Amino acid sequence: NVFFLNCAVHAPAMYGAVEVFAKSALGAYQAAHGRCEQTLPFWSWGEDRFMQECLKMLGVIPVPDYTENVRDARCWGSDCGNKGAVAFHPFKAVNGWYRCYLASQ
Numbered sequence: 597n598v599f600f601l602n603c604a605v606h607a608p609a610m611y612g613a614v615e616v617f618a619k620s621a622l623g624a625y626q627a628a629h630g631r632c633e634q635t636l637p638f639w640s641w642g643e644d645r646f647m648q649e650c651l652k653m654l655g656v657i658p659v660p661d662y663t664e665n666v667r668d669a670r671c672w673g674s675d676c677g678n679k680g681a682v683a684f685h686p687f688k689a690v691n692g693w694y695r696c697y698l699a700s701q
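When the letters of the sequence shown are read in order and numbered with our numbering, they come out as residues 597 to 701.
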């Protein structure tokens, strides 16, 4: 019953480019997400932080994985030329995404 934290630059956190959950963690969320919605100030967070805080509240164990597989601008930086990365974030505009795509080839 675990989920993975993928950034430790500011504080241990799960950043949204890739989110990894055990099936049992999602079962815990499905069964009790209403508790989180009633208790946590989710309206001021992104969904990645909401899931992280909710799962912790429900007793799901966070497991650190700081291998830098996820290149997130708010964490390790978005080095699109990093051949070891599995995801790059955030690229919400087509031109920026495409430039990153080309650099990753």
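Just so it is clear, CB atoms sit at the ideal spot from N, CA and C, and this is done for glycine as well.
Here the structure is a predicted model, which is why all the values come from computation and not from measurement.
Selection from A699, Y697, C696, F600 that minimises the alpha carbon distance to M647: As a first step, residue 647 must be located in the sequence shown, where it is residue number 51. Residue F600 is the option with its Cα nearest to M647.
Residues bridged to R667 (per DSSP): Working through the sequence shown from its first residue, we reach residue 667 at position 71. In the DSSP output, where bridge partners are listed per residue, R667 has F684.
Buried or exposed by the 16-neighbour rule on C-beta atoms within 10 Å, applied to N602: Counted from its first residue, the sequence shown places residue 602 at position 6. N602 comes out buried.
Cβ neighbour criterion (16 or more within 10 Å) applied to H606: To locate residue 606, count along the sequence shown from 1; it is residue 10. Its Cβ having fewer than 16 others within 10 Å, H606 is exposed.
Nonlocal neighbours in the same chain, by C-beta distance under 7 Å from D661, ignoring five residues either side: As a working mapping, residue 661 is identified with position 65 in the sequence shown. If we look at D661 and ignore the five residues flanking it on each side, its Cβ neighbours are F600, L601, N602.
Residues near A657 by beta carbon distance below 7 Å, same chain, minus five either side: Taking the sequence shown and counting its residues from 1, the one referred to as residue 657 is at position 61. What sits at residue 657 in the sequence shown is Ile, not Ala. The residues are N597, V598.
Beta-carbon spacing of G655, A683 below 9 Å: In the sequence shown, counting from the first residue as 1, residue 655 sits at position 59. In the sequence shown, counting from the first residue as 1, residue 683 sits at position 87. Not in contact: G655 and A683 (Cβ atoms no closer than 9 Å).
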